[in-house]
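Remarks on the structure that follows.
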Amino acid sequence: MKTDANTQEPKYLACEHKSIYLLLMISAGMMGAYTYNLRGGVFCNAQTANIVLMSIAFGKGNWRQGCYYFIPIFAYFSGAVLSELLPTPVKKPGFLRWDTYLVAFETLTLFLIGFIPLSAPDQIVQVAINFIASMQYNTFRQAEGIPMATTFCTNHVRQVGIAFAKVVHKRDRAALKRGLVHVGMLLGFCFGGAVLTIFCGTFLEKAIWIALIPLLIILCRLVYADLTQEHSLLGRKPSGH
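Under full-length UniProt numbering, the final residue of the sequence shown carries the number 241; numbering is consecutive throughout.
If you want it as C-alpha coordinates, here you go:
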(Lines of atoms letter the chains of each structure in order from A and count residues from 1; the text may use other names and numbers.)
(Lines give C-alpha, C1' and ligand atoms only; values in the text may rest on other atoms or scores of the structure.)
Protein backbone atom coordinates (compact mmCIF):
# COMPACT_ATOMS: atom_id res chain seq x y z
CA MET A 1 0.00 0.00 0.00
CA LYS A 2 1.39 3.40 -1.00
CA THR A 3 1.53 5.89 1.85
CA ASP A 4 2.01 9.64 2.11
CA ALA A 5 5.54 10.29 3.35
CA ASN A 6 4.39 13.15 5.61
CA THR A 7 1.29 11.66 7.23
CA GLN A 8 1.83 7.91 6.82
CA GLU A 9 -1.75 7.72 5.62
CA PRO A 10 -2.41 5.62 2.51
CA LYS A 11 -1.89 7.69 -0.61
CA TYR A 12 -5.06 6.26 -2.10
CA LEU A 13 -8.14 4.89 -0.39
CA ALA A 14 -9.33 1.36 -1.12
CA CYS A 15 -12.18 2.80 -3.18
CA GLU A 16 -9.60 4.45 -5.46
CA HIS A 17 -7.58 1.33 -6.28
CA LYS A 18 -7.30 0.40 -9.94
CA SER A 19 -8.44 -3.15 -9.22
CA ILE A 20 -11.71 -1.79 -7.79
CA TYR A 21 -12.27 0.23 -10.95
CA LEU A 22 -11.54 -2.78 -13.13
CA LEU A 23 -14.21 -4.77 -11.30
CA LEU A 24 -16.63 -1.85 -11.67
CA MET A 25 -15.95 -1.80 -15.41
CA ILE A 26 -16.62 -5.55 -15.63
CA SER A 27 -19.94 -5.17 -13.83
CA ALA A 28 -20.85 -2.16 -16.02
CA GLY A 29 -20.16 -4.20 -19.15
CA MET A 30 -22.48 -6.84 -17.79
CA MET A 31 -25.24 -4.30 -17.12
CA GLY A 32 -24.95 -2.93 -20.65
CA ALA A 33 -25.09 -6.39 -22.21
CA TYR A 34 -28.06 -7.33 -20.01
CA THR A 35 -30.24 -4.38 -20.99
CA TYR A 36 -29.29 -4.70 -24.67
CA ASN A 37 -29.85 -8.46 -24.90
CA LEU A 38 -32.87 -8.86 -22.65
CA ARG A 39 -34.40 -5.52 -21.65
CA GLY A 40 -35.39 -3.61 -24.75
CA GLY A 41 -32.21 -3.47 -26.83
CA VAL A 42 -30.90 -0.30 -25.17
CA PHE A 43 -27.80 0.74 -23.24
CA CYS A 44 -28.61 2.24 -19.85
CA ASN A 45 -25.10 3.04 -18.58
CA ALA A 46 -25.09 6.53 -20.14
CA GLN A 47 -27.60 8.96 -21.63
CA THR A 48 -26.14 10.18 -24.92
CA ALA A 49 -28.19 7.67 -26.93
CA ASN A 50 -31.42 8.64 -25.15
CA ILE A 51 -30.82 12.35 -25.79
CA VAL A 52 -30.08 11.66 -29.47
CA LEU A 53 -33.24 9.54 -29.81
CA MET A 54 -35.28 12.21 -28.04
CA SER A 55 -33.96 14.86 -30.42
CA ILE A 56 -34.76 12.67 -33.44
CA ALA A 57 -38.30 12.06 -32.17
CA PHE A 58 -38.89 15.78 -31.64
CA GLY A 59 -37.43 16.52 -35.08
CA LYS A 60 -39.93 14.12 -36.62
CA GLY A 61 -42.78 15.70 -34.70
CA ASN A 62 -43.30 12.61 -32.52
CA TRP A 63 -43.72 14.52 -29.28
CA ARG A 64 -45.11 11.63 -27.25
CA GLN A 65 -42.19 9.36 -28.04
CA GLY A 66 -39.74 12.20 -27.48
CA CYS A 67 -41.15 12.99 -24.06
CA TYR A 68 -40.83 9.32 -23.09
CA TYR A 69 -37.04 9.70 -23.07
CA PHE A 70 -37.34 12.16 -20.22
CA ILE A 71 -38.00 9.15 -17.96
CA PRO A 72 -34.55 7.51 -18.23
CA ILE A 73 -32.85 10.91 -18.44
CA PHE A 74 -34.58 12.01 -15.23
CA ALA A 75 -33.61 8.73 -13.54
CA TYR A 76 -29.97 9.39 -14.45
CA PHE A 77 -30.28 12.99 -13.29
CA SER A 78 -31.78 11.85 -9.97
CA GLY A 79 -28.96 9.37 -9.41
CA ALA A 80 -26.39 12.13 -9.86
CA VAL A 81 -28.24 14.46 -7.46
CA LEU A 82 -28.59 11.84 -4.73
CA SER A 83 -25.01 10.65 -5.03
CA GLU A 84 -23.92 14.25 -4.56
CA LEU A 85 -26.14 14.92 -1.52
CA LEU A 86 -25.96 11.65 0.43
CA PRO A 87 -22.23 11.35 1.25
CA THR A 88 -22.37 14.14 3.86
CA PRO A 89 -25.11 12.64 6.08
CA VAL A 90 -23.66 9.14 5.58
CA LYS A 91 -20.37 10.29 7.16
CA LYS A 92 -22.00 11.23 10.47
CA PRO A 93 -22.57 7.72 11.92
CA GLY A 94 -18.88 6.95 11.20
CA PHE A 95 -19.49 3.33 10.24
CA LEU A 96 -18.88 2.92 6.50
CA ARG A 97 -17.98 5.20 3.60
CA TRP A 98 -20.56 6.38 1.08
CA ASP A 99 -18.76 4.45 -1.65
CA THR A 100 -19.34 1.23 0.28
CA TYR A 101 -23.02 1.92 0.85
CA LEU A 102 -23.43 2.66 -2.85
CA VAL A 103 -21.90 -0.66 -3.92
CA ALA A 104 -24.18 -2.44 -1.41
CA PHE A 105 -27.21 -0.62 -2.82
CA GLU A 106 -26.16 -1.42 -6.38
CA THR A 107 -25.71 -5.09 -5.47
CA LEU A 108 -29.15 -5.25 -3.87
CA THR A 109 -30.77 -3.49 -6.84
CA LEU A 110 -29.29 -5.93 -9.39
CA PHE A 111 -30.27 -8.86 -7.19
CA LEU A 112 -33.89 -7.66 -7.13
CA ILE A 113 -33.86 -7.03 -10.88
CA GLY A 114 -33.17 -10.73 -11.35
CA PHE A 115 -36.66 -11.45 -10.01
CA ILE A 116 -38.41 -9.19 -12.53
CA PRO A 117 -39.73 -11.43 -15.34
CA LEU A 118 -38.94 -10.62 -18.95
CA SER A 119 -42.67 -10.16 -19.52
CA ALA A 120 -42.62 -7.04 -17.32
CA PRO A 121 -42.20 -3.64 -19.02
CA ASP A 122 -38.55 -3.16 -19.93
CA GLN A 123 -38.69 0.41 -18.67
CA ILE A 124 -38.74 -0.79 -15.03
CA VAL A 125 -35.31 -2.36 -15.35
CA GLN A 126 -33.99 0.34 -17.66
CA VAL A 127 -34.81 3.12 -15.21
CA ALA A 128 -33.35 1.19 -12.26
CA ILE A 129 -30.06 0.64 -14.08
CA ASN A 130 -30.03 4.25 -15.29
CA PHE A 131 -30.29 5.32 -11.67
CA ILE A 132 -27.54 3.13 -10.22
CA ALA A 133 -25.22 3.72 -13.18
CA SER A 134 -25.49 7.46 -12.64
CA MET A 135 -24.73 7.12 -8.94
CA GLN A 136 -21.71 4.94 -9.66
CA TYR A 137 -20.40 7.27 -12.37
CA ASN A 138 -20.64 10.29 -10.08
CA THR A 139 -19.10 8.51 -7.07
CA PHE A 140 -16.11 6.68 -8.53
CA ARG A 141 -14.14 9.36 -10.36
CA GLN A 142 -10.42 8.63 -10.13
CA ALA A 143 -8.41 5.43 -9.96
CA GLU A 144 -5.18 6.26 -8.14
CA GLY A 145 -5.22 9.79 -9.53
CA ILE A 146 -6.31 8.84 -13.06
CA PRO A 147 -9.73 10.28 -14.07
CA MET A 148 -12.13 7.47 -14.88
CA ALA A 149 -15.66 6.76 -16.08
CA THR A 150 -16.78 3.38 -14.76
CA THR A 151 -20.03 2.90 -16.66
CA PHE A 152 -19.12 3.63 -20.29
CA CYS A 153 -16.08 3.51 -22.57
CA THR A 154 -15.91 6.73 -24.60
CA ASN A 155 -13.48 8.48 -22.26
CA HIS A 156 -11.24 5.43 -22.07
CA VAL A 157 -10.99 5.25 -25.85
CA ARG A 158 -10.15 8.97 -25.94
CA GLN A 159 -7.50 8.59 -23.24
CA VAL A 160 -5.89 5.67 -25.06
CA GLY A 161 -5.69 7.85 -28.18
CA ILE A 162 -4.14 10.73 -26.23
CA ALA A 163 -1.62 8.39 -24.61
CA PHE A 164 -0.72 6.85 -27.97
CA ALA A 165 -0.06 10.29 -29.45
CA LYS A 166 2.15 11.31 -26.52
CA VAL A 167 4.10 8.08 -26.65
CA VAL A 168 4.73 8.40 -30.40
CA HIS A 169 5.48 12.12 -30.34
CA LYS A 170 7.28 12.57 -27.00
CA ARG A 171 8.19 9.04 -25.86
CA ASP A 172 6.22 9.84 -22.70
CA ARG A 173 6.52 6.81 -20.39
CA ALA A 174 3.95 8.18 -17.91
CA ALA A 175 1.44 8.52 -20.75
CA LEU A 176 2.16 4.92 -21.74
CA LYS A 177 1.33 3.71 -18.23
CA ARG A 178 -1.89 5.72 -18.12
CA GLY A 179 -2.86 4.49 -21.56
CA LEU A 180 -2.34 0.88 -20.53
CA VAL A 181 -4.58 1.42 -17.51
CA HIS A 182 -7.36 2.66 -19.79
CA VAL A 183 -6.80 -0.28 -22.16
CA GLY A 184 -7.22 -2.59 -19.18
CA MET A 185 -10.50 -0.89 -18.26
CA LEU A 186 -11.77 -1.30 -21.83
CA LEU A 187 -10.85 -4.99 -21.83
CA GLY A 188 -12.62 -5.41 -18.50
CA PHE A 189 -15.80 -3.83 -19.88
CA CYS A 190 -15.67 -6.06 -22.99
CA PHE A 191 -15.05 -9.13 -20.85
CA GLY A 192 -18.07 -8.35 -18.67
CA GLY A 193 -20.32 -7.80 -21.68
CA ALA A 194 -19.18 -11.03 -23.36
CA VAL A 195 -19.58 -13.16 -20.23
CA LEU A 196 -23.06 -11.82 -19.44
CA THR A 197 -24.17 -12.37 -23.04
CA ILE A 198 -23.14 -16.04 -22.81
CA PHE A 199 -25.41 -16.54 -19.79
CA CYS A 200 -28.40 -14.56 -21.11
CA GLY A 201 -29.80 -17.47 -23.11
CA THR A 202 -29.63 -19.84 -20.15
CA PHE A 203 -30.49 -17.72 -17.12
CA LEU A 204 -32.75 -15.16 -18.85
CA GLU A 205 -33.75 -12.39 -16.39
CA LYS A 206 -31.53 -13.92 -13.69
CA ALA A 207 -28.44 -13.51 -15.87
CA ILE A 208 -27.89 -10.13 -14.18
CA TRP A 209 -26.88 -12.05 -11.05
CA ILE A 210 -23.55 -12.78 -12.76
CA ALA A 211 -22.81 -9.06 -12.30
CA LEU A 212 -23.09 -9.58 -8.54
CA ILE A 213 -19.78 -11.48 -8.52
CA PRO A 214 -17.49 -8.47 -9.15
CA LEU A 215 -19.72 -6.23 -7.03
CA LEU A 216 -19.58 -8.59 -4.04
CA ILE A 217 -15.79 -8.75 -4.31
CA ILE A 218 -15.70 -4.94 -4.28
CA LEU A 219 -18.12 -4.78 -1.36
CA CYS A 220 -16.07 -7.18 0.76
CA ARG A 221 -12.88 -5.23 0.10
CA LEU A 222 -14.46 -1.86 0.87
CA VAL A 223 -16.20 -3.05 4.04
CA TYR A 224 -12.95 -4.58 5.29
CA ALA A 225 -11.04 -1.36 4.59
CA ASP A 226 -13.70 0.79 6.26
CA LEU A 227 -13.73 -1.32 9.41
CA THR A 228 -9.97 -1.79 9.73
CA GLN A 229 -7.05 0.19 8.31
CA GLU A 230 -9.15 3.06 6.89
CA HIS A 231 -11.65 3.46 9.72
CA SER A 232 -9.99 6.68 10.86
CA LEU A 233 -10.21 8.02 7.30
CA LEU A 234 -13.96 7.73 6.79
CA GLY A 235 -14.23 11.51 6.45
CA ARG A 236 -11.55 11.75 3.78
CA LYS A 237 -12.79 12.45 0.27
CA PRO A 238 -11.52 10.33 -2.61
CA SER A 239 -9.55 12.11 -5.33
CA GLY A 240 -11.69 14.05 -7.78
CA HIS A 241 -14.37 15.08 -5.26
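Each residue gets a CB set at the ideal place from its N, CA and C atoms; glycine is no exception.
To the nearest angstrom, how far is the alpha carbon of residue 42 from that of residue 123?
10 Å
Closest by CA to residue 204, which one among 152, 119 and 69?
Comparing alpha-carbon positions, the option among 152, 119 and 69 lying closest to residue 204 turns out to be 119.
When we look at the beta-carbon of residue 138 and count the other beta-carbons within 10 Å, is it buried (16 or more) or exposed?
With 16 or more other Cβ atoms from the protein chains shown falling within 10 Å of its own Cβ, residue 138 counts as buried.
Residues in its own chain within less than 7 Å of residue 249 by CB, not counting five upstream and five downstream?
This structure cannot settle anything about residue 249, because the visible part of the chain is limited to 1 through 241.
In the DSSP assignment, the alpha helix (DSSP H) including residue 90 goes from what residue to what residue?
87-91
Could you work out which residue in 52, 233 and 238 is closest to residue 249 when comparing CA atoms only?
No information on residue 249 is available, as it lies outside the stretch 1 to 241 that the chain covers here.
State the CB to CB distance for the pair residue 181 and residue 146, rounded to an integer number of angstroms; the pair is presumed to be in contact (CB under 8 Å).
6 Å
Three or more beta-carbon pairs under 8 Å between the region 10-24 and the region 216-227, yes or no?
yes
How big is the Cα-Cα spacing for residue 231 and residue 96?
Residue 231 and residue 96 have their C-alpha atoms some 8 Å from each other.
Opposite residue 142 in the DSSP bridges: which residues?
147
Would you check if the region 182-201 and the region 18-30 touch, i.e. whether three or more CB-CB distances between them fall below 8 Å?
yes
Out of 68, 77, 241 and 65, which has the shortest C-alpha to C-alpha gap to residue 131?
77
Do residue 58 and residue 66 have their beta-carbon atoms positioned less than 9 Å apart in this structure?
yes
If contacts are defined as beta-carbon pairs under 8 Å, then residue 30 and residue 211 qualify, I think. What distance do you get, rounded to the angstrom?
4 Å
Buried versus exposed, by CB contacts within 10 Å (16 or more), residue 229
It counts as exposed.
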